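Worksheet: one structure, shown below.
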Amino acid sequence: MEEENKTILDGEMCALNIIANSGDARSKAFGALEEAKAGNFEAAEQLLAEARECGQKAHNAQTELLFADANGTAPAMNVLLVHAQDHFMTSMLAEELIQEIILLYKQRAGKE
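In the working numbering, the protein residues as written are 32 to 143.
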């Protein structure tokens, strides 16, 4: 029973890691968009780089879950894990779209 609780706890920690890092990535990406709107393209690029780092941390946590699933040691699927996946997917989409929007701002400003 103790091992089962450890697996569940590890799954919760992994999910919270995904949620926290995905949220940070999303916030930094939207911060980058605000900087680009103001014409601060260097700051925008820095924030995008930070967003990618946070996104990579979330991806690494997700990969841990995938390996655990492949090894038969993954925690049971629950709402927290679904919520974590939702955060991760929407943050990735936001980051990709924001990169494209920033490119448009750069083109409009003659910086690209």
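We treat Cβ as the ideally placed atom computed from N, Cα and C, and that holds for glycine. What you are looking at is a predicted structure, and each value in this text was computed from that prediction instead of being measured.
Closest by CA to residue i, which one among the options?
i    : options                  : result
A82  : N52, F72 and A107        : N52
R85  : A92, A107 and D55        : As written in the sequence, residue 85 is Cys, which differs from the Arg given in the question. When only C-alpha atoms are compared, the closest one is D55.
D117 : Q93, G62 and K59         : Q93
Q77  : T121, A60, L124 and H114 : A60
Q87  : S58, F72, I49 and A75    : I49
M123 : N71, D41 and S58         : S58
D41  : A74, E131 and L112       : L112
Please check the pair residue i and residue j, which I expect to be a contact at CB under 8 angstroms, by giving their CB distance rounded to whole angstroms.
i    : j    : result
Y136 : A80  : Between A80 and Y136 the Cβ distance is about 17 angstroms, and since that is not below 8 angstroms, they are no contact.
A105 : L96  : 6 angstroms
A69  : I133 : That belief does not hold up - the Cβ atoms of A69 and I133 are roughly 12 angstroms apart, past 8 angstroms.
For residue i, does the count of other Cβ atoms within 10 angstroms reach 16, so buried, or fall short, so exposed?
i    : result
A46  : buried
F98  : exposed
R139 : exposed
K142 : exposed
L128 : exposed
A101 : exposed
Within the region 41-103, ranges of the alpha helix (DSSP H) (whole runs, at least 4 residues): If we require 4 residues or more, the alpha helix (DSSP H) runs fully inside the region 41-103 come out as 72-101.
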